[in-house]
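Asks: Under full-length UniProt numbering, read the sequence shown as residues 1 to 134, first letter to last.
Note that CB positions come from ideal geometry on N, CA and C, so glycine has one too.
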Amino acid sequence: MKVDFIHFFQSRAFAFMIVGAVAASAAYGIFLSGTPAQQRILQFDQRRLSDLQQISYAIDEYWARNKAFPDNLETLQDSRYYFVQSLADPKTQEPYEYRATGEKTYELCAVFALSSAENGEFLRFSPSPKVWQH
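1. Given a cut-off of 9 Å on the beta-carbon distance, is the pair Tyr62 and Leu42 in contact?
2. Given a cut-off of 9 Å on the beta-carbon distance, is the pair Phe44 and Ile59 in contact?
3. Taking all protein chains shown into account, decide if Tyr81 is buried (16 or more other Cβ within 10 angstroms of its Cβ) or exposed.
4. Taking DSSP as the reference, what is the three-state secondary structure of Leu73?
5. With distance defined between alpha-carbon atoms, name the residue in Ala26, Ser79, Arg48, Ser25 nearest to Ser116.
6. Under the rule that 16 or more other beta-carbon atoms within 10 Å means buried, what is Phe31, buried or exposed?
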């Protein structure tokens, strides 16, 4: 009878250790990658960054062809020469802001949910030579 009690205790202790290890692994995974809500916020910011890069490349290409900036972003989307997937924020559907600030300079603006410091992992490995601080 004593042997059965020890075997029962050992198998229960082992089961608790397994459950504890699984719970700790799940908690560590959430700690590393963030909650699902944080990941959605990060995905929206990544999409905004991708949109701005596409728009910026299209503006640069437009300038190279025409030696002037487009009057508005819709000009780029209406042309067959430039690929612009979206001119609006993926979450709010508000249009991105654009304005020419000089003969060879322009501003392209969006509202990000996270700052560059909070979103640094994605930005660090961005293939773009341009820096999109926010």
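Replies: Quick answer:
1. no
2. no
3. exposed
4. coil
5. Ser116 has its Cα closest to that of Arg48, out of Ala26, Ser79, Arg48, Ser25.
6. With fewer than 16 other Cβ atoms from the protein chains shown falling within 10 Å of its own Cβ, Phe31 counts as exposed.
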